[in-house]
Structure formats: C-alpha cells, structure tokens
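Peer 1: Residue numbers are given in the working numbering: position 551 of the sequence shown equals residue 568, and the series is strictly consecutive. No residue lacks a Cβ here, since even glycine has one placed at the ideal position from N, Cα and C. All values derive from a computational prediction rather than experimental measurement. Pasting a structure here, questions to come.
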Amino acid sequence: MKNNMVSGVASIQEIFNFEFEDKSLNGVIAEFGNRRNVYLSIPKYQREYTWEDNKIKTFVDDIYINSKFLGIIVLEKNRKHNCLDIVDGQQRITTLILVCVCLYNILQKEEETVKANEIMAVLEHQNNLILWNDSVGKFIHKRENELYINVLEEDDIYRQGAKFKEAYDVIYKKIKSYKSDISKREWKTKLIQMVMHVFDCQMVLFVNVISKNEGSIEEIYIDINEKAQRLDEESIFKGYCFSKIKDSSMQENLKCQWIDIKQDFYKIKDLHFKDLSSLLHKYLLIKERTTRISEHLHINGKHYLEDKHPSEIVHLLKEFNLFEKNLYIYKTNIDSKTYRFSDLAKVKRTIDDDLDFLKKISNYILFAKQNIYKLAFLHYIDVNLTMTTKVSQVDLQSFFRLYYVYFFICVDIFQIRTRSYLPIKVIEAIDENESILESLYEEIRMILEQKSDSVRFVINKGNFKLLYSILDTVESKRSNNKLIEIKLKSYSTKTIEHLIINDSLKLNWKRKQGDEYKFSEELYLEYKEFKDLENNLILVSNKDNEAMGTFDIITKIGYIEKNNLDKSKHISIYLNYIKSLNSYKLLVEAKNEDLSKIEVLKRYKDFLSDYFSTEKINTLSSNLYSVFRRKIWEL
Numbered sequence: 018m019k020n021n022m023v024s025g026v027a028s029i030q031e032i033f034n035f036e037f038e039d040k041s042l043n044g045v046i047a048e049f050g051n052r053r054n055v056y057l058s059i060p061k062y063q064r065e066y067t068w069e070d071n072k073i074k075t076f077v078d079d080i081y082i083n084s085k086f087l088g089i090i091v092l093e094k095n096r097k098h099n100c101l102d103i104v105d106g107q108q109r110i111t112t113l114i115l116v117c118v119c120l121y122n123i124l125q126k127e128e129e130t131v132k133a134n135e136i137m138a139v140l141e142h143q144n145n146l147i148l149w150n151d152s153v154g155k156f157i158h159k160r161e162n163e164l165y166i167n168v169l170e171e172d173d174i175y176r177q178g179a180k181f182k183e184a185y186d187v188i189y190k191k192i193k194s195y196k197s198d199i200s201k202r203e204w205k206t207k208l209i210q211m212v213m214h215v216f217d218c219q220m221v222l223f224v225n226v227i228s229k230n231e232g233s234i235e236e237i238y239i240d241i242n243e244k245a246q247r248l249d250e251e252s253i254f255k256g257y258c259f260s261k262i263k264d265s266s267m268q269e270n271l272k273c274q275w276i277d278i279k280q281d282f283y284k285i286k287d288l289h290f291k292d293l294s295s296l297l298h299k300y301l302l303i304k305e306r307t308t309r310i311s312e313h314l315h316i317n318g319k320h321y322l323e324d325k326h327p328s329e330i331v332h333l334l335k336e337f338n339l340f341e342k343n344l345y346i347y348k349t350n351i352d353s354k355t356y357r358f359s360d361l362a363k364v365k366r367t368i369d370d371d372l373d374f375l376k377k378i379s380n381y382i383l384f385a386k387q388n389i390y391k392l393a394f395l396h397y398i399d400v401n402l403t404m405t406t407k408v409s410q411v412d413l414q415s416f417f418r419l420y421y422v423y424f425f426i427c428v429d430i431f432q433i434r435t436r437s438y439l440p441i442k443v444i445e446a447i448d449e450n451e452s453i454l455e456s457l458y459e460e461i462r463m464i465l466e467q468k469s470d471s472v473r474f475v476i477n478k479g480n481f482k483l484l485y486s487i488l489d490t491v492e493s494k495r496s497n498n499k500l501i502e503i504k505l506k507s508y509s510t511k512t513i514e515h516l517i518i519n520d521s522l523k524l525n526w527k528r529k530q531g532d533e534y535k536f537s538e539e540l541y542l543e544y545k546e547f548k549d550l551e552n553n554l555i556l557v558s559n560k561d562n563e564a565m566g567t568f569d570i571i572t573k574i575g576y577i578e579k580n581n582l583d584k585s586k587h588i589s590i591y592l593n594y595i596k597s598l599n600s601y602k603l604l605v606e607a608k609n610e611d612l613s614k615i616e617v618l619k620r621y622k623d624f625l626s627d628y629f630s631t632e633k634i635n636t637l638s639s640n641l642y643s644v645f646r647r648k649i650w651e652l
C-alpha cells in the first residue's frame with residue numbers, strides 16, 4: 018500500500034463510532050482530536066443516491082438473517098472540515114444509516130428504548146448525524162422519540178428528496194414484514210438481533226491520509242471498481258478525472274465543474290437520458306463520431322479516459338458542460354410562445370407562419386425516448402447556439418423538416434434499435450457547416466435501400482399529422498444537383514375526419530330520393546375498436562369535417578372528390594384503395610338500386626369486415642409506405 022494510504026478491516030459500529038481495534042485506523046482518527054467531533058461526508062461532486070427498491074430489500078434481507086461483509090469503503094481525510102469524505106461506499110453507508118433510523122423508530126414504538134438509545138448513540142455525534150450529505154444537506158431530523166426524513170428543496174441540488182423518503186419507506190415496510198406469524202416477544206428479540214447484525218457487519222477501509230498526492234484515492238477507487246467490473250460508469254468516469262488531475266487547486270476547480278455538470282444534467286433529464294453516464298456516452302459518440310464506444314465508456318477494450326492527458330480531460334468536461342447548458346437553453350426556449358429561433362438562425366418575420374410546426378417537430382425529436390437517432394439533431398443545436406455566425410432561416414427550416422423525415426423513418430417506420438445507424442457523415446457536415454442537407458438525405462436513402470420495399474406502416478396517434486404532411490407536401494429544391502431547401506407544410510390546423518367509422522358511432526345513409534336510413538351503434542358494435550385505427554383517419558379542414566358529418570362512405574367520397582380534397586396524397590391513397598374493394602362496389606350498387614335498410618346494413622357490415630381485416634390493413638399499409646418511399650426517393 019502506498020505510504021499515503023491506511024487500510025484495515027472494521028465493523029460498522031467501529032466505523033460509526035470512529036473507534037477501531039486496528040491501531041492504524043485509530044491513528045487516523047486520533048489526528049482529528051476528539052472522535053465525537055468527526056463525521057462521514059458525501060461531497061457534492063459525488064454521485065446521488067441511486068439504489069432501487071429490489072436492491073434495498075435484498076440488502077435488508079441479508080442483514081436481517083446475519084451480519085455480512087459489505088465490501089470496501091474508500092475514504093479521504095478532510096482536515097479542513099474535520100471529516101472523512103466518502104469516495105466509494107456511499108450507497109451502502111446511506112442505506113445502513115436509513116436501516117438504523119428505521120430500527121430506531123420501530124424499537125421506540127415497541128418500547129425497547131434501551132436498544133433504540135444504543136442506535137442513537139452510534140448515529141449521533143455532538144447532536145449531529147455522523148453522515149453528512151452535501152447534495153441534500155441535513156436529511157434526518159428528530160422530534161421527540163422519532164427520526165424522520167426531510168430534504169429541503171433549496172438544499173436538494175440533485176433532486177433526491179423523494180428517493181430518500183422512498184428508500185426509508187421500503188426499508189421500514191420490509192423490517193415490519195418480518196413481524197408476521199411470530200409472537201411479540203420473539204419479534205422484539207429479532208429486532209435486537211438485527212441491530213447487532215447491522216453493527217457487526219464488516220468493511221475493508223482504505224483511507225487517504227496525505228493530501229499532497231492528490232488523485233491517489235481515485236486511483237484506488239478505479240482499481241477496485243473498474244478492474245472488478247462493478248458497473249457504476251458515472252463514478253468510474255469521475256474517478257478517472259480526479260486520478261489524472263492531481264494538482265490540489267485544479268482538483269478544487271474540478272469538483273466545482275463536476276457539481277455544475279451534475280446539476281445541469283438534472284435540468285435536461287426529462288429528455289430521456291436515464292442517468293449522467295448515459296448522456297456522457299451519447300456525447301462521446303458525437304464527439305468521436307463513432308459507435309465503438311460502449312455504454313460502459315470503453316473503446317478498444319480500455320476506458321475512454323485511460324490515455325487522456327489532464328488538459329484533454331479539462332477541455333472535455335468544459336465542452337460537455339457547455340453541451341448540457343445549450344440543450345437546457347434550447348429546451349426552455351421552445352416552450353416559450355415568444356421564441357422565434359433567433360439564437361440559432363438569421364430569422365425573418367416570415368418564420369412566424371412556420372413557427373408552431375418547427376416547434377412541434379423539434380419537441381417530437383427532442384423528447385423522444387430513442388436517443389441514438391436524435392444525436393445529430395442535438396449536435397446541430399449545440400453547434401449553432403455556440404456559433405457567432407448564424408445559419409440562414411431557410412437552412413434551419415430545411416434541416417428541421419428533413420430531420421423529422423429521417424427520425425420518422427428510423428423510429429416509426431423501421432423501429433431501428435441498433436447503434437450502427439449513428440449518422441456520422443451528418444455530424445461531420447454539421448461540424449464543417451457544409452452539405453448538411455445532402456448528407457442527411459444520403460443517410461435517409463441508405464436506410465431505405467437497406468430495408469424492405471414493403472413494411473407494416475405503424476402510425477402513432479401523436480405524429481400521424483406529421484406523417485400525412487410529409488406524404489402530401491414534402492418537396493425539395495436543388496442547385497447543381499445538391500439539396501439546398503426542403504419544403505414541408507404544417508397540418509396542425511387540420512382536424513381528424515373519421516372516414517369509415519364516425520366518432521359518434523352513428524351513420525346516415527343518404528337514399529336517392531333524398532331521405533335517409535339512420536343507423537346507430539348496431540352497425541358499428543363489432544367494429545368500434547377500429548374507430549381510431551390509422552386507416553380510419555384522414556385530415557381535412559374544420560369546415561369539411563362538419564360538412565361530411567356522419568354520412569356514409571359513398572356520400573363522403575362524393576363530397577371529397579367534388580371539393581378536390583383528394584388532391585392530398587394520403588386521402589387519394591385511401592380513396593383509391595376503398596374504391597378497389599369489391600365490398601365497396603356492392604355498397605355502391607346498394608345505393609344505386611336503393612336497396613332496403615336491412616340489405617344496406619348487411620352490405621355495410623360486409624364492407625367494414627373487409628376493410629378492417631388484417632389482410633386489407635396490411636395491404637393498405639404497404640400502399641402507404643410505397644407512396645411514402647417513392648415521395649422521399651424523388652426529393
């Protein structure tokens with residue numbers, strides 16, 4: 018062991034009392050003076066509490082049965098604050114503290130005050146809890162004979178308050194569950210035994226006692242965690258940062274930088290990055306323009322930071338933090354009614370006509386769960402927010418429109434899940450601010466070439482307006498055979514027309530002599546589950562939607578053709594397909610021959626059964642996709 022490190026084995030009671038049988042560990046505490054003034058600390062730059070319910074329950078179950086060896090805890094002596102900073106082991110130590118709090122409260126309720134007081138004597142030093150967490154402040158409070166969890170919102174920099182309360186509740190309920198089917202006396206005995214089990218658990222301590230060689234404690238942490246493959250990517254990444262940057266003043270700056278990174282992450286966590294390491298991973302994919310970096314932040318078998326110099330790490334963290342801040346700025350901006358993209362592009366007043374549409378496209382991409390396919394979009398935002406020279410309005414609008422097409426193809430049509438589709442050439446084009454549209458279009462064509470000509474078109478309720486706007490309105494403009502503009506109109510003002518099965522589940526069959534057969538739910542009873550299926554929905558104006566009302570499909574088609582609504586590509590696809598069905602032709606015949614209401618009902622049901630059959634739905638889906646593919650191919 019290096020001469021700045023002290024190590025030894027100790028029980029939890031020894032650790033919490035700071036009174037060890039091991040003389041070398043006792044020597045560490047002796048330097049502080051009174052051991053009752055010493056405490057354990059979790060600095061702000063350390064990771065937040067993350068243990069899930071099942072892990073907590075297993076941990077409690079193990080300790081209930083017997084005392085356990087709980088692994089390694091890595092500490093660093095902090096003379097300035099008279100404490101030992103926890104470098105590794107905070108998840109276990111925090112959970113143990115919460116177990117002790119639960120046991121204290123349960124023992125008080127069971128009137129086992131002697132054992133409860135023993136717990137308090139271990140937990141409390143000079144009226145303060147022996148564990149201090151810089152990222153939540155004081156999280157355990159006392160009132161009369163009860164301890165309770167409360168994290169003040171202003172102290173909760175990583176938003177852990179709910180997590181601490183949830184963990185406490187899980188532990189409390191788990192311990193109480195052991196009470197079933199045993200007597201009150203036996204239950205108290207079990208509680209007392211569990212307290213002893215907790216205190217008798219052992220850990221190996223590594224303590225950095227000399228601060229001259231900054232970073233050495235993080236090297237120990239990496240050796241323990243990285244080489245044992247204990248997967249906490251965020252902490253290991255941070256460990257590499259601190260182990261590489263050994264200068265004490267630089268480490269102080271690094272701690273502040275890391276706190277900023279953590280706080281900024283929580284501002285954008287709702288963009289569906291599950292944790293900081295996930296966001297780091299995606300950022301490194303962009304930065305290195307490769308998919309070879311694993312989710313554990315390894316490349317070519319080594320950790321990404323292993324061969325990095327201190328200056329490279331400082332620069333990386335600065336750029337990553339700027340990336341976070343830019344995403345937060347943009348996320349906040351697009352929620353504003355007054356935002357007009359002027360921080361991204363040289364915007365003219367005409368963008369107002371397209372403003373809501375651009376925001377909807379942006380939100381659809383930004384808040385999607387499939388992070389891999391929004392990386393080039395995030396990079397575009399990051400780069401353009403940073404650049405002093407802004408892109409043109411046409412460039413911005415065209416990129417957003419074409420990126421929506423790309424995103425829709427990857428996520429909605431083909432539902433690609435592999436990382437091999439990272440659009441590296443697009444990222445490079447964004448960096449060089451050259452041929453961005455052309456690079457993105459080539460990426461789209463490559464995907465279409467690799468995939469089947471016939472797919473099941475899955476249309477989500479949330480984006481089918483955008484799909485139909487692509488089918489109907491997407492156009493391109495080229496110069497010297499290069500894509501320079503994409504046009505795409507918004508259908509946000511259009512309303513949904515339930516083409517076959519009306520939303521009200523009523524039908525008015527127009528007869529030749531002018532009166533009507535009126536059908537209510539008896540017609541649609543078997544088919545109403547298809548009411549909101551994509552092949553029942555088209556987009557029209559409010560006026561046309563009201564005019565078509567609850568009329569039969571033949572009358573609706575007549576209205577659509579008379580008013581040229583079938584100029585919309587998606588409507589013409591549906592109409593052509595419907596008119597090709599034999600069941601529809603029999604329906605037209607029923608109208609022309611003015612058949613009875615009973616016969617009309619029978620033929621209409623036959624038509625519905627035919628149109629909404631799995632075979633017909635799949636065929637129509639293929640038709641939609643073929644037109645969509647051809648439309649994109651011709652851009």
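Is there contact between the region 130-142 and the region 184-204, where contact requires at least three CB pairs shorter than 8 Å?
Peer 2: No, the region 130-142 does not touch the region 184-204.
Peer 1: Using the Cβ count rule (16 or more neighbours within 10 Å means buried), how would you classify ALA47?
Peer 2: As a working mapping, residue 47 is identified with position 30 in the sequence shown. So ALA47 counts as exposed.
Peer 1: Could you check which residue in SER152, ILE166 and ARG528 has the C-alpha nearest to that of ASP172?
Peer 2: Taking the sequence shown and counting its residues from 1, one reaches residue 172 at position 155. It is SER152.
Peer 1: Going by alpha carbons, who is nearest to LYS482 out of SER585, VAL212, LYS560 and VAL23?
Peer 2: Within the sequence shown, numbered from 1, the residue matching residue 482 stands at position 465. Of the listed residues, the one whose Cα sits closest to LYS482 is SER585.
Peer 1: So, at 7 Å on beta carbons, what are the nonlocal neighbours of ASN162 in its own chain, with the 5 sequence-adjacent residues on each side left out?
Peer 2: Looking up residue 162 in the sequence shown gives position 145. Excluding sequence neighbours, ASN162 sits near GLN125.
Peer 1: Within 10 angstroms of the Cβ of ASN34, are there 16 or more other Cβ atoms? Answer buried if so, exposed if not.
Peer 2: Here residue 34 refers to the residue found at position 17 of the sequence shown. Buried.
Peer 1: Applying the 10 Å Cβ sphere with the 16-neighbour rule, what's the burial state of SER415?
Peer 2: Position 398 of the sequence shown, counted from the first residue, corresponds to residue 415. Burial call: buried.
Peer 1: Hey, is the region 494-506 in contact with the region 540-553, meaning 3+ C-beta pairs nearer than 8 Å?
Peer 2: In short, these stretches do not touch, since the Cβ pair count stays below three.
Peer 1: Can you tell me whether ARG52 is helix, strand or coil according to DSSP?
Peer 2: Walking along the sequence shown from the start, residue 52 turns up at place 35. Helix at ARG52.
Peer 1: Between the Cα of ASP657 and those of ILE590, ALA362 and TYR66, spot the shortest distance and give me the residue it belongs to.
Peer 2: Here the chain comprises residues numbered 18 to 652, so residue 657 is not present and cannot be evaluated.
Peer 1: Of the choices MET565, LYS74, GLU312 and LEU598, whose alpha-carbon is the least far from that of LEU582?
Peer 2: Numbered from 1 along the sequence shown, position 565 holds the residue referred to as residue 582. Of MET565, LYS74, GLU312 and LEU598, the residue nearest in Cα terms is MET565.
Peer 1: Within 10 Å of its beta-carbon, does PHE37 have 16 or more other beta-carbons around it, so buried, or fewer, so exposed?
Peer 2: Along the sequence shown, one-based indexing puts residue 37 at 20. By the neighbour-count rule (16 or more Cβ atoms within 10 Å), PHE37 is buried.
Peer 1: Contact defined as beta carbons within less than 8 Å: I believe HIS313 pairs with GLU250. What is the distance between those atoms, to the nearest angstrom?
Peer 2: In the sequence shown, the residue the question calls residue 313 occupies position 296. In the sequence shown, the residue the question calls residue 250 occupies position 233. Right, the Cβ-Cβ distance comes to about 6 Å (below 8 Å), so this counts as a contact.
Peer 1: Name the DSSP beta bridge partners of LYS535, please?
Peer 2: Along the sequence shown, one-based indexing puts residue 535 at 518. Bridge partners of LYS535: ASN525.
Peer 1: I need the straight-line Cα distance from LEU169 to GLN177, nearest angstrom please.
Peer 2: The sequence position of residue 169 within the sequence shown is 152, counting from 1. The sequence position of residue 177 within the sequence shown is 160, counting from 1. Rounded to the nearest angstrom, the two C-alpha atoms are 10 Å apart.
Peer 1: Using a 10 Å radius around the Cβ and a threshold of 16 neighbouring Cβ atoms, would you call PHE384 buried or exposed?
Peer 2: Working through the sequence shown from its first residue, we reach residue 384 at position 367. PHE384 comes out exposed.
Peer 1: Excluding five sequence neighbours on each side, which residues of the same chain lie with their C-beta closer than 7 Å to the C-beta of VAL644?
Peer 2: As a working note, residue 644 is residue 627 in the sequence shown. Counting only Cβ-Cβ distances below 7 Å, and skipping sequence neighbours, we find LEU488, LYS586 and ILE590.
Peer 1: Going by DSSP, which residues form a beta bridge with ASN145?
Peer 2: Numbered from its first residue, the sequence shown carries residue 145 at position 128. According to DSSP, which records beta bridges pairwise, ASN145 is partnered with HIS142.
Peer 1: Could you check which residue in ASN71, LYS573 and GLU610 has the C-alpha nearest to that of THR112?
Peer 2: Against the sequence shown, residue 112 aligns to sequence position 95. Nearest of ASN71, LYS573 and GLU610 to THR112, Cα basis: ASN71.
Peer 1: Under three-state DSSP, which class holds ALA385?
Peer 2: Locating residue 385 in the sequence shown gives position 368, counting from the first residue. Looking at ALA385 - three-state DSSP - the assignment turns out to be coil, as it is neither helix nor strand.
Peer 1: Just to confirm my understanding: we take THR403, look at its own chain, exclude 5 residues before and 5 after, and list those with CB closer than 8 Å. What are they?
Peer 2: Walking along the sequence shown from the start, residue 403 turns up at place 386. Excluding sequence neighbours, THR403 sits near LEU339 and ASN343.
Peer 1: Pick from THR567, VAL77 and SER486: whose alpha carbon is nearest that of GLU538?
Peer 2: Position 521 of the sequence shown, counting from 1, holds the residue named residue 538. GLU538 has its Cα closest to that of THR567, out of THR567, VAL77 and SER486.
Peer 1: Checking 9 Å against the spacing of the C-beta atoms, do ASN21 and VAL226 come in under that value?
Peer 2: Locating residue 21 in the sequence shown gives position 4, where the first residue counts as 1. Locating residue 226 in the sequence shown gives position 209, where the first residue counts as 1. Against a cut-off of 9 Å, the Cβ pair of VAL226 and ASN21 comes out as a contact.
Peer 1: For LEU395, which residues from the same chain have a beta carbon less than 6 Å from its beta carbon, with the 5 sequence-adjacent residues on both sides left out?
Peer 2: Here residue 395 corresponds to residue number 378 of the sequence shown, with the count starting at 1. Answer for LEU395: no residue qualifies.
Peer 1: ILE555: which of ASP520, ILE157, THR636 and LYS608 sits nearest, CA to CA?
Peer 2: Locating residue 555 in the sequence shown gives position 538, counting from the first residue. Comparing Cα-Cα distances from ILE555 to each of ASP520, ILE157, THR636 and LYS608, the minimum goes to ASP520.
Peer 1: Is DSSP giving THR308 helix, strand or coil here?
Peer 2: Residue numbering aside, residue 308 sits at position 291 when the sequence shown is read from its first letter. Looking at THR308 - three-state DSSP - the assignment turns out to be coil, as it is neither helix nor strand.
Peer 1: Residues in its own chain within less than 6 Å of LEU652 by CB, not counting five upstream and five downstream?
Peer 2: As a first step, residue 652 must be located in the sequence shown, where it is residue number 635. Around LEU652: SER493.
Peer 1: Taking 9 Å as the threshold (C-beta atoms), are ILE59 and ILE103 in contact?
Peer 2: In the sequence shown, residue 103 corresponds to position 86, counting from 1. In the sequence shown, residue 59 corresponds to position 42, counting from 1. A contact, by the Cβ cut-off of 9 Å.
Peer 1: Judging by CA-CA distance, which residue of THR367, LYS365, ASN401 and ILE351 is the nearest neighbour of ILE378?
Peer 2: Position 361 of the sequence shown, counted from the first residue, corresponds to residue 378. That would be ILE351, whose Cα lies nearest to the Cα of ILE378.
Peer 1: In three-state terms, what does DSSP make of LYS442?
Peer 2: Counting from one through the sequence shown, the residue named residue 442 turns up at place 425. It is helical.
Peer 1: Could you tell me the distance, in whole angstroms, from the CA atom of LEU12 to the CA atom of LYS284?
Peer 2: For residue 12 there is no data in the structure shown, the boundaries of the chain being 18 and 652.
Peer 1: Please identify the residue among LEU522, LEU592, LYS602 and TRP68 whose C-alpha is closest to the C-alpha of ALA179.
Peer 2: Working through the sequence shown from its first residue, we reach residue 179 at position 162. Cα-wise, what sits closest to ALA179 is TRP68.
Peer 1: Quick one: grab the DSSP three-state call for GLU449.
Peer 2: Residue mapping note: residue 449 aligns to position 432 of the sequence shown, counting from 1. The answer is helix: DSSP assigns GLU449 an H, G or I state.
Peer 1: Apart from the five residues just before and just after GLU455, which ones in its own chain have a Cβ nearer than 6 Å to its Cβ?
Peer 2: For the purposes of this step, residue 455 is taken as residue 438 along the sequence shown, with counting starting at 1. The residues are LYS499 and LEU500.
Peer 1: Which value, in whole angstroms, describes the spacing of the CA atoms of ILE147 and GLY318?
Peer 2: As a working mapping, residue 147 is identified with position 130 in the sequence shown. As a working mapping, residue 318 is identified with position 301 in the sequence shown. Using only the alpha carbons, I get a separation of about 40 Å.
Peer 1: Could you give the uninterrupted runs of the beta strand (DSSP E) lying entirely in the region 97-137, keeping only those of 3 residues or more?
Peer 2: Taking only runs of at least 3 residues, the beta strand (DSSP E) segments lying wholly in the region 97-137 are 100-105.
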